[in-house]
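**Student:** Taking the UniProt record's numbering, the leading residue of the sequence shown gets 1, the next gets one more, and so forth. Virtual Cβ for every residue (Gly too), placed ideally from N, Cα, C.
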Amino acid sequence: MYYESMVETWLKDHKLKTPEMQNEPAFYRNLEQRLDTLRAEHKLLTAKPRWDTPMVDFASNDILSLSRTGRIREAFLQEISRHENWNLSAGGSRLQNGNYDYILEVEREMAEFFGSETAFFGNSGFLCNAGITGCVALPGDCYVFDELVHASAHEGMKLGRASHKVSFRHNDVNSLRETLTNLRETHAEFKLGTQSILILVESIYSMNGDMCPLKEFVQVAKQVFPLGNAQFIIDEAHSVGVLGPHGRGLVSMLGLEKEIAIRVHVCSKAMASTGGVILCNKTVRSLMMNQMRFAVYSGAPSFPMVASARAGLQLFRSGGTHEEQERIQKTISYFFKRLTSKPDWQQAVAAGLLSCPVAEGWEQRQFHAHIIPIRTRPRHEQYLFFHNMLANIMAYNFAYPVVPKGESRIRIVVHAHNTEDDVDKLVTSICQWAHEMLDLEKCGSNNTLPSAASKVFASQAAVKA
1 MYYESMVETW LKDHKLKTPE MQNEPAFYRN LEQRLDTLRA EHKLLTAKPR WDTPMVDFAS
61 NDILSLSRTG RIREAFLQEI SRHENWNLSA GGSRLQNGNY DYILEVEREM AEFFGSETAF
121 FGNSGFLCNA GITGCVALPG DCYVFDELVH ASAHEGMKLG RASHKVSFRH NDVNSLRETL
181 TNLRETHAEF KLGTQSILIL VESIYSMNGD MCPLKEFVQV AKQVFPLGNA QFIIDEAHSV
241 GVLGPHGRGL VSMLGLEKEI AIRVHVCSKA MASTGGVILC NKTVRSLMMN QMRFAVYSGA
301 PSFPMVASAR AGLQLFRSGG THEEQERIQK TISYFFKRLT SKPDWQQAVA AGLLSCPVAE
361 GWEQRQFHAH IIPIRTRPRH EQYLFFHNML ANIMAYNFAY PVVPKGESRI RIVVHAHNTE
421 DDVDKLVTSI CQWAHEMLDL EKCGSNNTLP SAASKVFASQ AAVKA
């Protein structure tokens, strides 16, 4: 069973290493000591084994099930069969021999599909987001960012030359307005429109599963800075394939293509391929080719990488993923309906044991994100993960520093291949765990581990031996 191999790997990775490092160089010894602080609290991030098909998948990035069904593989093989004598290597960076005709052709198709003046294809979504965020800010400019933006945006801000960096409360229109107004009133260069403000947001937040109130944000930016020096960079990693006509994303769904300066899309999630795409105008693209280091100093994406993305794009353009988009929305609604109707869930929420913010008012929403966080108390996210895993359900757990302190959770990712039976199994597992935890609390057994966690940690002695 996957559970057994997963637990064995996890426990081995958490075995303390410092006692074995006494005669090793300080460089390695000090690194293991640092890692042991995480191992001691069972917080070490580890590479988990791939699970087999009996596991119910509420974790992978195969959102539209293009990989599982083999559709993307078939489309990819058809795409490369149309081209002869292609090179495996790009042959250089985009400024050298890597600016080949095929990648330029696919970039033009990407730009046309997503409604952008130009597109730039990069090696990954992370690199695209970090790279563009870092290169477009000039001295004197300011980053204004949602407090929950992705790690890639933070890496980009570290690379950038902006003179100011200010966060605002997550998805809070009033907080954005206050932040922008304060910058306008305290810095003449922003009020006069001689320096820029770059507003960093995401369409769907990867750990919260909530959508950016982008239309309201754009209105606020225009009101506070009517000269247009406040511009948006939006990470659309999780909305592509899920929202908008033909899966074009949130910006397209809202008709805001002309209002957003820079969009970053990824091909490794719903598109089931690889690479990242930056959508922008020609001015920004020219700056990228001069200032974005991964474009200047890194090899360009290879033909197979670009071909895989084109295969996914063609499935999107042809309407071949429309049914999957609709199925995901129906499955999410079914999940919310089943979960919120269960007495064990209702009692767990009332006791502060579990919560699901995106389940609140779900009936009123026209569209749902495919990411559903189930928030827990600290350490409980691990216990619930173990419980689900024993039930052959995969939904990963997350704690600080991946998410803010005190906001531990498991993250449910809904796919086109998830059935109502899968949802029923997941809801049953969550509610069974909640029932057990509520019983432990009623008995005053606050220090007693739930059954699944007890089973996992009981295996630790065998691993140590």
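#1: For Tyr-100, count the other beta carbons within 10 Å of its own beta carbon; 16 or more makes it buried, fewer makes it exposed. Which is it?
#2: What would DSSP say about Ile-260, mapped onto helix, strand or coil?
#3: Based on the DSSP output, what are the partners of Val-266 in its beta bridges?
#4: Under three-state DSSP, which class holds Ile-430?
#5: State buried or exposed for Met-55, treating a residue as buried only when at least 16 other CB atoms are found within 10 Å of its CB.
#6: I need the straight-line Cα distance from Met-110 to Ser-302, nearest angstrom please.
#7: Between the segment 302-317 and the segment 268-283, can you find at least three pairs of beta-carbon atoms closer than 8 Å?
#8: Look at the alpha carbon of Phe-457 and the alpha carbon of Arg-34, and state the distance between them as a whole number of angstroms.
#9: Going straight from the alpha carbon of Ser-89 to that of Leu-66, what length do you get?
#10: If you pair each beta-carbon of the segment 110-125 with each one of the segment 281-301, do three or more pairs fall below 8 Å?
#11: Can you tell me where the beta strand (DSSP E) with Gly-209 in it begins and where it stops?
#12: Could you check the C-alpha separation between Ala-416 and Gln-325 for me, to the nearest Å?
#13: Starting from Lys-342, trace the beta strand (DSSP E) both ways and give me its first and last residue.
#14: Could you give the distance in angstroms between the alpha-carbon of Asp-57 and the alpha-carbon of Ala-230?
#15: Can you list, in chain order, the residues of its chain whose CB lies under 8 Å from that of Val-423, leaving out five sequence neighbours each side?
#16: So does the segment 205-215 actually touch the segment 369-381, counting three or more Cβ pairs closer than 8 Å?
#17: From which residue to which residue does the alpha helix (DSSP H) around Arg-39 run?
#18: Over what stretch of residues does the beta strand (DSSP E) that includes Ala-167 continue unbroken?
#19: What did DSSP end up calling Leu-138 once you bin it into helix, strand or coil?
#20: Taking just the CA atoms, how far does Val-173 sit from Glu-216?
#21: Smallest Cα separation from Ser-152: which of Asn-129, Cys-212 and Leu-16?
#22: Assign Pro-378 to buried or exposed, taking buried as 16 or more other Cβ atoms, counted over all protein chains shown, within 10 Å of its Cβ.
#23: How would you call Cys-443, buried or exposed, if buried means at least 16 neighbouring beta carbons within 10 angstroms?
#24: What is the DSSP secondary structure of Phe-367, reduced to helix, strand or coil?
#25: Is it right to say His-387 is buried, meaning 16 or more other beta carbons lie within 10 angstroms of its own, or is it exposed?
#26: Buried or exposed: where does Gly-247 fall if 16 or more other Cβ atoms within 10 Å of its Cβ makes it buried?
#27: Counting Cβ pairs, one atom from each stretch, are 3 or more of them under 8 Å apart for the segment 219-233 and the segment 422-436?
#28: Bridge partners of Gln-231, per DSSP?
#29: In chain order, what residues of the same chain have a beta carbon less than 8 Å from the beta carbon of Phe-168, not counting five sequence neighbours either side?
#30: Give me the Cα-Cα distance between Glu-79 and Thr-69, rounded to the nearest whole angstrom.
#31: If we count Cβ pairs, one from each stretch, closer than 8 Å, do we get three or more for the segment 152-161 versus the segment 186-195?
#32: Sorted by chain position, which residues of the same chain lie with C-beta nearer than 7 Å to Val-403's C-beta, five sequence neighbours on each side aside?
#33: Looking at Val-264 and Ile-278, is the spacing between their C-beta atoms short of 8 Å?
#34: Considering only the beta carbon of each residue, do Phe-385 and Tyr-396 sit closer than 8 Å?
#35: Can you list, in chain order, the stretches of the alpha helix (DSSP H) that have 4 or more residues and sit fully within the segment 374-426?
#36: Quick check: what's the CA-CA separation for Pro-450 versus Glu-112?
**Tutor:** For this structure:
#1: buried
#2: coil
#3: Gly-276
#4: helix
#5: buried
#6: 17 Å
#7: yes
#8: 22 Å
#9: 26 Å
#10: yes
#11: Note, Gly-209: premise wrong, no beta strand (DSSP E); not H, not E.
#12: 7 Å
#13: Premise fails: Lys-342 is in no beta strand (DSSP E) and is neither H nor E.
#14: 41 Å
#15: Thr-331, Tyr-334, Phe-335 and Arg-338
#16: yes
#17: 26-39
#18: One detail in the question is off: residue 167 reads as Ser in this sequence, not Ala. That run of the beta strand (DSSP E) goes 164-168.
#19: coil
#20: 7 Å
#21: Asn-129
#22: exposed
#23: exposed
#24: coil
#25: buried
#26: buried
#27: no
#28: Leu-198
#29: Val-144, Phe-145, Asp-146, Glu-147, Ser-175, Leu-176, Glu-178 and Thr-179
#30: 17 Å
#31: no
#32: Met-207 and Arg-409
#33: yes
#34: yes
#35: 380-390
#36: 53 Å
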